[in-house]
Amino acid sequence: MKRHKCPTLGLESLRVRDSQLRASSSKQDGYGPHRARLNIMSAGPNKYLYRGGWCAGFNDKDQWLEIDARRLMRFTGVITQPLDSGWIQSWVTSYKIQFSNDTHRWKPYKNGSQEVIFPANKKWERTVLNLLPEPAVARYIRINPQTWHGAICLRAEIVGCALPDPNHIYPSEHTSGTNDKLDFRHHNYKELRKLMKNVSEACPDITRIYSIGKSYRGLNMYVMEISDNPGQHEVGEPEFRYVANMHGNEVLGRELAGHETRIHLLPSMNPDGYEMAYKQGSEMAGWDTGRDTYKGIELNDNFPDLNKELWDAEDSRLGPHKFPNHYIPIPESYTSPNVKVRILLTNHITHCQQVR
């Protein structure tokens with residue numbers, strides 16, 4: 294397995310639990326190792342409890358951040374970020390890496406006989422990725438800061454591939470989690486399906502779940518309908534379908550409720566793309582991994598262009614009289630003074646003005 298194909302371990306996505314993170318020291322509880330997650334932000338009404346990164350309690354070369362992968366890994370890289378803060382500018386500028394299988398004996402990462410010092414952030418770079426020249430196999434990894442700006446503070450992510458465990462020595466895959474109630478994470482396909490099912494079961498009188506079909510790889514594209522009469526089309530009641538995740542690697546969260554309007558929620562139009570991007574992690578996937586469908590179709594551009602044939606004909610100097618326009622114009626009857634659409638729109642505008 295090539296090292297550049299390895300995904301992230303999951304500090305950012307919360308696949309790595311708080312209990313898997315340790316540190317030599319912490320400045321405060323809000324700066325604990327559980328806050329050392331890539332892209333985590335200072336948040337909440339009490340920002341002293343939810344700082345934007347891990348900060349060591351002392352500024353010396355004996356400090357470290359430890360991550361327990363809970364199984365043997367082929368570690369291939371480390372990603373670092375500065376502290377997220379509106380008033381404190383602190384980041385690690387270089388670090389060493391250590392590996393262990395038992396947390397008692399630690400082996401530094403070396404190039405020959407010399408310990409490797411990896412360059413980290415300079416000024417306010419968002420992320421710095423260091424790929425290891427040669428992968429290292431271990432269960433535990435430590436980031437040991439050597440130089441820093443301001444104070445020893447960082448956010449991090451680990452890159453690596455899980456090794457086979459045929460004898461089931463290590464714990465099986467577990468659900469992700471953190472003790473911070475203010476942290477949010479993306480839901481993978483199974484979690485999203487379960488979430489929609491739970492909401493529907495909790496609110497059976499106003500919700501309905503259905504599928505509009507399957508993706509190329511066989512994943513159902515579920516829709517949640519929210520209405521006072523789910524499953525029924527009512528005359529004069531507008532219907533909207535909110536579609537998200539057409540680019541598999543662009544994930545949106547939303548809270549919607551409805552009473553007078555039927556709402557159809559399609560959380561993921563591109564579940565195949567999402568699964569590809571989710572597996573790689575935000576920093577390793579890049580902007581294009583998972584953006585298109587599994588078959589390489591850009592859904593935002595996959596709409597009929599009714600005028601394309603006409604414009605191509607004009608470019609070829611055929612002229613519109615020699616090539617029909619595929620655009621279907623609005624029927625003249627729609628613009629008639631007595632048309633029902635016009636009367637309905639006029640009445641609606643009048644009603645809105647009266648209410649206002």
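Position 335 (the sequence shown) corresponds to 628 in the working numbering; numbering is contiguous.
Beta carbons: idealized from backbone N, C-alpha and C, even for Gly.
Predicted, not measured: the structure shown is a model, and the values here were computed from it.
Legend entry - Option in Cys496, Glu427, Ile436, Pro564 with minimal Cα separation from Arg486: Pro564
Legend entry - Three-state secondary structure assigned by DSSP to Pro428: strand
Legend entry - Alpha carbon of Asp476 to alpha carbon of Leu592, nearest angstrom: Reliability of the predicted coordinates at Asp476 is poor, the pLDDT of 46 falling under 50, and the value obtained from them is presented with this limitation in mind. The alpha-carbon atoms of Asp476 and Leu592 are separated by roughly 30 Å.
Inset, instruction - Answer with buried or exposed for Ile333, where buried requires no fewer than 16 other C-beta atoms within 10 angstroms of its C-beta. - result: buried
Inset, instruction - Determine the contact status of Arg432 and Asn394, defining contact as a CB-CB distance below 8 Å. - result: yes
Inset, instruction - Return yes when the Cβ of Gly370 is within less than 8 Å of the Cβ of Asn404, no when it is not. - result: no
Inset, instruction - Go through its chain and collect everything with a Cβ distance to Phe351's Cβ below 7 Å, but skip five positions before and after it. - result: Ser318
Legend entry - Assumed close pair Ile434, Ile410 - CB separation to whole angstroms, cut-off 8 Å: Actually they are not in contact, since the Cβ atoms of Ile434 and Ile410 sit about 16 Å apart, beyond 8 Å.
Legend entry - C-beta atoms of Asn538 and Met562 nearer than 8 Å: yes
Inset, instruction - Compute the Euclidean distance between the alpha carbons of Leu392 and Lys400, then round it to the nearest angstrom. - result: A small correction: the amino acid at residue 392 is Phe; Leu does not occupy that position in the sequence shown. Each residue's alpha carbon lies about 5 Å from the other.
Legend entry - Member of Tyr515, Arg448, Lys507, Ala495 whose CA lies at the smallest distance from the CA of Arg328: Arg448
Legend entry - Option nearest Val309 by Cα separation, candidates Cys446, Thr420, Ile360: Ile360
Inset, instruction - Starting from the Cα of Asn513, find the closest Cα among Ser383, Met489, Pro457 and give me that residue. - result: Met489
Inset, instruction - Rounded to whole angstroms, what's the CA-CA distance from Cys299 to Gln573? Just pull it up for me. - result: 7 Å
Legend entry - C-alpha gap between Pro326 and Ile436, whole angstroms: 12 Å
Legend entry - Nearest to Tyr509 (by Cα), restricted to the options Thr440, Tyr567, Thr586, Gly529: Thr586
Inset, instruction - Name the two residues that bound the continuous alpha helix (DSSP H) containing Met489. - result: 482-495
Inset, instruction - Less than 8 Å between the CB atoms is what I'm expecting for Gly443 and Ile381, so what's the real figure, rounded? - result: 7 Å
Legend entry - N-terminal and C-terminal residue of the alpha helix (DSSP H) that Ala570 is part of: 564-573
Inset, instruction - Taking Leu425 as the reference, give the member of Arg398, Ile445, Cys454 with the closest Cα. - result: Cys454
Inset, instruction - May I ask you to report which of helix, strand or coil DSSP gives Ser406? - result: coil
Legend entry - Simplified DSSP assignment, three categories, for Pro300: coil
Inset, instruction - Ignore the nearest five residues each way along the sequence and tell me which others in Thr396's own chain have a CB closer than 7 Å to its CB. - result: Tyr433
Inset, instruction - With DSSP collapsed to three states, give me the class of Tyr343. - result: coil
Legend entry - Alpha carbon of Leu365 to alpha carbon of Ala570, nearest angstrom: 23 Å
Inset, instruction - Using the Cα positions of Cys446 and Ser306, report the straight-line distance between them to the nearest angstrom. - result: 20 Å
Legend entry - Beta-carbon gap between Tyr515 and Ile502 smaller than 8 Å: yes
Inset, instruction - Kindly indicate which residue of Tyr402, Arg330, Ala336 has the alpha-carbon position closest to the one of Pro375. - result: Arg330
Inset, instruction - Would you kindly check if the distance between the Cβ of Ala349 and the Cβ of Gln356 is under 8 Å? - result: yes
Inset, instruction - State the start and end residues of the unbroken beta strand (DSSP E) segment that holds Phe351. - result: Here Phe351 belongs to no beta strand (DSSP E), and DSSP marks it neither H nor E.
Inset, instruction - Could you spell out where the beta strand (DSSP E) holding Ala449 opens and where it closes? - result: 446-455
Legend entry - Three-way DSSP call (helix, strand, coil) for Pro560 in this model: coil
Inset, instruction - Indicate whether at least one CB of chain B lies closer than 8 Å to the CB of Arg584. - result: The displayed structure is made up of one protein chain only, and chain B is not part of it.
Inset, instruction - State the start and end residues of the unbroken beta strand (DSSP E) segment that holds Glu418. - result: Glu418 -> no beta strand (DSSP E), and no H or E assigned at all.
Inset, instruction - Give a yes or no on whether the C-beta atoms belonging to Ala413 and Ser387 are separated by under 8 Å. - result: yes
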